[in-house]
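Worksheet for the structure shown next.
Residue numbers (the UniProt record's numbering): 1 to 91.
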């Protein structure tokens, strides 16, 4: 389980960097979502989308860009894949 956690963090960071680089270099339509097979056991995907959040104590609405990253891993011990999810709010 510890191996899954460390690998998932590493792959999520890598996918975060790839997604942001693509988003900066190309337009949002080309980089809205993508996926990558890191190795035979780990698969990751990301998606950009718009969201509205409440800002501070004033509770005013703020539109932000959100990056959701999910890392999946097949295990030999179970038929259910392990999943790691991370959400980044971009300014």
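Heads up, the beta-carbon is just placed ideally off N, CA and C, and yes, glycines get one too.
With distance defined between alpha-carbon atoms, name the residue in the options nearest to residue i.
i: residue 33; options: 51, 10 and 22; result: 22
i: residue 62; options: 70, 52 and 68; result: 52
i: residue 70; options: 84, 10, 9 and 5; result: 84
i: residue 19; options: 4, 11, 9 and 46; result: 46
In angstroms with no decimal places, state the Cα-to-Cα distance between residue i and residue j.
i: residue 56; j: residue 49; result: 21 angstroms
i: residue 86; j: residue 26; result: 23 angstroms
i: residue 40; j: residue 59; result: 45 angstroms
i: residue 81; j: residue 37; result: 14 angstroms
i: residue 74; j: residue 42; result: 7 angstroms
i: residue 17; j: residue 24; result: 11 angstroms
i: residue 72; j: residue 7; result: 11 angstroms
i: residue 78; j: residue 66; result: 32 angstroms
i: residue 91; j: residue 64; result: 6 angstroms
Excluding the five sequence neighbours on either side, which residues of its own chain have a C-beta within less than 8 angstroms of the C-beta of residue i, listed in chain order?
i: residue 28; result: 48
CB-CB under 6 angstroms to residue i, same chain, minus the five flanking residues each way: which ones, in chain order?
i: residue 31; result: 22 and 23
i: residue 88; result: 67
Tell me whether residue i sits in a helix, a strand or coil according to DSSP, three-state version.
i: residue 6; result: helix
i: residue 49; result: strand
i: residue 20; result: helix
i: residue 26; result: coil
i: residue 13; result: helix
i: residue 91; result: coil
Can you round the beta-carbon distance between residue i and residue j to whole angstroms, since I take them to be within the 8 angstroms contact cut?
i: residue 15; j: residue 44; result: 5 angstroms
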